[in-house]
Each structure stands twice: as C-alpha cells, then as structure tokens.
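As you go down the protein sequences, you meet chains A and B in turn. Counting with the working numbering, you get residues 1 to 125 for the letters of the first sequence. Counting with the working numbering, you get residues 126 to 250 for the letters of the second sequence. For glycine and all other residues, C-beta sits at the position ideal for the given N, C-alpha and C. Keep in mind it's a predicted model, so treat the numbers as computed, not measured. What follows is one structure encoded as structure tokens, with my remarks underneath.
2 protein chains.
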Amino acid sequence: MTTGPATESVDESSPALDIYRQFRGLIASGQLGAGERLPTVRQTASDIGVAAGTAAKAYKLLERDGLVVTRTAAGTRVADSAAVLPASVVRRIRDLVTEADTIGANPADVIDVFRVIWQARPNTP
Amino acid sequence: MTTGPATESVDESSPALDIYRQFRGLIASGQLGAGERLPTVRQTASDIGVAAGTAAKAYKLLERDGLVVTRTAAGTRVADSAAVLPASVVRRIRDLVTEADTIGANPADVIDVFRVIWQARPNTP
DNA sequence: AATCTTGTGCTGGTGCGGTGATACAAGTTG
DNA sequence: CAACTTGTATCACCGCACCAGCACAAGATT
C-alpha cells in the first residue's frame, strides 16, 4: 500500500480534486478569510496522506481560480479578491444541512438531488 | 482520440460515477418514480457517449444500493423500495437553487460549501 | 419454438493520475 | 551574509478506469 492509487468508497473522486474542493469550500464559505495562510504543500500532503506533488496540484488549481496567491517561501494565502458566497446563500445551505441532518439523510443524496434540480432550472442554455 | 479516458473540466469525476449520480439524483428527487424504467444500458451509453460497459457499471452500483431492480431482457426499473428524499429537504434544496441561481453563484461552489458545513455539524464522529 | 431484447462478461489496449524521491529557484529569516 | 522555507519541476513506475468489440445467458416477445 505504498504505491499506486487507491479507490475507497463511491463518491470518492481523486486526492488532488478532493483537496482542491475542500479549500474551495473553506474559502467560499468564509471560514478561510482573505490573507489567511494555507498549510504548507508538504503539510497538507502528509496530513491527508498523499504525495507532495498531489497537494501542489490542488494548490495550482486554486491559484488558477484566483482564489489563492502564492509567493515562494512565503507560502500560499487566500487572495484578497477571493469571492465569498453571499450570506443569503450560505444561510440557505445551513438550513439545508440542518434539515437533512435531523432527518438523517445521506449528504451524497442531497448533493445529487441538488445537481438534478439545478440542471432543471428555467434557463438552462 | 478514439480510445482512452478523457478529462474535460475540473469537477468532472468519472463517466460511470457521473451516470450513477445522475440517476441517484433523479430517483431521490422523485423525478424517476418506483416502477419507472431506465433507458437501456446501450441507450444511456450512446446518449452520453461512453462505452456500454461503463453504463452497465453505473447500473450495477444503483442495484447495489437497492435503488433499482434489473431483470434480464426486461430492463432496469426503479425499485419499489427506493427511498425518496423527504419533501422538506427537497424544498430546501429548491430554495437553495433558486437563491443561488438568482445571485448567479457557481453550483460547484455551493456544493463545496455544503460539504464543508456538513462536516462541521455538531456531531461529527 | 424461434427470435429479439437486455444486462453482463470477457479481451486487449490506452492514458491519466497517482506515488516516491530528489533537485532546484526564489524568498524569507536570523 | 548564510541558512532555512516553500512551491515547483522532474524522473520512472504502476494501477485503475475507460474504450471497443464481441459473445453469452436469461428472459420477453412473437
């Protein structure tokens, strides 16, 4: 188990994208504010148990999105221009989480339904 | 370019899982009711442009979840026991979609934030 | 009974995305 | 200044998911 990829559960995607999405979530929700520093590439890598290159890949994606600014030796920080999801939306998400949790729903189901309903919006070009 | 996998956009995962999630969403949201028939494996395969085996894989996952019943030559139908997400949750999802859409938010962001907030629930073992 | 339908099971082949490990460039820090 | 930090680049290697195409079993259809 020292080499090669590992598939675990359905709805796992890929290490790099997982890390990417994780930070996207933290930034978009405001839990990681502008200027705040992200862990070292090597740090996150060893935290999650992936290769350094994999974490680096995630960071590059974040930078490509303009969510993060990276200066060598100074680490990676949340960009000032990083967009945060409007509070109204975040609140709705909180409501949804609360409701789904009390009912004991599967978060994956919730997300799947979200996607389906999203695609069914009035104006779907 | 006739063979091998294809990566397109970030947040694409894998063909098989995409199909799987798609139908999960349709079933969990009630848009695909118990007894209703799913398209042929070959049909969905050619619709989406993937190999038949890939669509078959997705169907097997659905069956593994008990969401679907498959009888040879009779096709695949939504199981009677297929659980539908409670209306209260679905309604909140609708509200969320509406709000996020009017604001012009990126659905991927919404999902990422959902995941983050979900993990931050009170009781997260 | 004969035929069609449909999910499933091979096969060989391909490429992407991981893993480690090492090396480096550019800054920060003492 | 020297020494450390940190993101990045590279290397060979490996496994998985997918593709394409065909063949099959079991049940539906006629």
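Query	Result
Cα-Cα separation, I19(A) to D112(A)	20 Å
Contacts around P140(B), its chain only, beta-carbon distance under 6 Å, and the 5 residues preceding and following it disregarded	V175 and T179
Cβ contact (3+ pairs, closer than 8 Å) linking the stretch 53 to 73 of chain A and the stretch 99 to 118 of chain A	no
Backbone secondary structure at V253(B) - three-state DSSP	Residue 253(B) is absent from the structure shown; chain B starts at 126 and stops at 250.
Boundaries of the beta strand (DSSP E) in which G200(B) is found, first to last residue	G200 to V203
Residue span of the beta strand (DSSP E) that contains V238(B), given as start and end	Premise fails: V238(B) lies in the alpha helix (DSSP H), P232 to Q244, not in any beta strand (DSSP E).
Beta carbon proximity, G150(B) to chain A, threshold 8 Å	yes
One or two residues paired with E12(A) in a DSSP bridge	V10(A)
Partner residues on chain B for A28(A), Cβ-Cβ distance less than 7 Å	D234, D237 and V238
Those residues which DSSP pairs with R37(A) across a bridge	R77(A)
C-beta contact flag for R77(A) and G30(A) at 8 Å	no
Short CB-CB distance (under 8 Å) between I218(B) and chain A	yes
CB of I152(B) within 8 Å of CB of A212(B), strictly	no
Proximity of E188(B) and V89(A) at Cβ, strictly below 8 Å	no
Chain A within 8 Å of A204(B), Cβ atoms only	no
Contacting residues, own chain, Cβ-Cβ under 6 Å from R37(A) (five flanking each side not counted)	G75 and R77
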